[in-house]
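Everything below concerns the one structure shown next.
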């Protein structure tokens, strides 16, 4: 008698868990004036915890051509599987197999409209303390988004701002 076993691999979404998007504006060492930033990060609440979320995030970044540690400039458009639409005070980010959106503060909207681009960072590192509905202080944001460990393991991209035509 023979037996067969089958291992069902969790989906990327199950591994990634909750994906949060946050928008803010501020200074950038290489640019003048306010710069709009947008960051996606996992909460680390997937089926394999923060480690599984990091693996899933890295795989997604590789798939879309924005590997961890890279900086991709899409400011002039072109073929890229990420799009950013700003409409009705919200930033809507479309990625393969998922859409994420967040409310954008007025200063972010102004900076995004003025520049026509947004600096996007997809963190592979989980940030379980920054849950939806709970305000993040500037210090908390700086500590996470500005940490070398977050910056060097994230995929970075300059995305053009698009608007719905109507």
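Residue numbers (my numbering): 27 to 192. Heads up, the beta-carbon is just placed ideally off N, CA and C, and yes, glycines get one too.
Buried versus exposed call for residue i [16 or more other C-beta atoms within 10 Å across all chains shown]
i           : result
residue 32  : Only weak support exists for where residue 32 lies, its pLDDT of 42 falling under 50; the value from the coordinates is given anyway. So residue 32 ends up on the exposed side.
residue 145 : buried
residue 96  : exposed
residue 150 : buried
residue 114 : exposed
residue 70  : buried
residue 107 : exposed
residue 187 : buried
residue 72  : buried
residue 172 : exposed
residue 181 : buried
Residue i to residue j span [Cα, whole Å]
i           : j           : result
residue 84  : residue 59  : 31 Å
residue 61  : residue 134 : 8 Å
residue 179 : residue 190 : 32 Å
residue 119 : residue 155 : 22 Å
residue 231 : residue 174 : An answer regarding residue 231 cannot be provided, because it is not within the stretch 27 to 192 covered by the chain.
residue 44  : residue 128 : 14 Å
residue 152 : residue 88  : 18 Å
residue 148 : residue 122 : 13 Å
residue 54  : residue 37  : 36 Å
residue 68  : residue 112 : 22 Å
residue 176 : residue 125 : 22 Å
Nearest residue (CA-CA) to residue i, options the options
i           : options              : result
residue 143 : 72, 110, 80 and 82   : 110
residue 183 : 49, 93, 41 and 38    : 93
residue 42  : 56, 173, 66 and 138  : 66
residue 168 : 44, 39, 128 and 50   : 50
residue 40  : 132, 175 and 81      : 81
residue 116 : 47, 186 and 38       : 47
residue 104 : 114, 113 and 91      : 91
residue 138 : 53, 63 and 56        : 63
residue 161 : 147, 56, 172 and 131 : 131
Touch test, the stretch 98 to 109 against the stretch 63 to 83, Cβ-Cβ under 8 Å, three pairs minimum: no
Residue ranges of each beta strand (DSSP E) within the stretch 77 to 140, 3 or longer: 97 to 99, 109 to 113, 116 to 121 and 124 to 129
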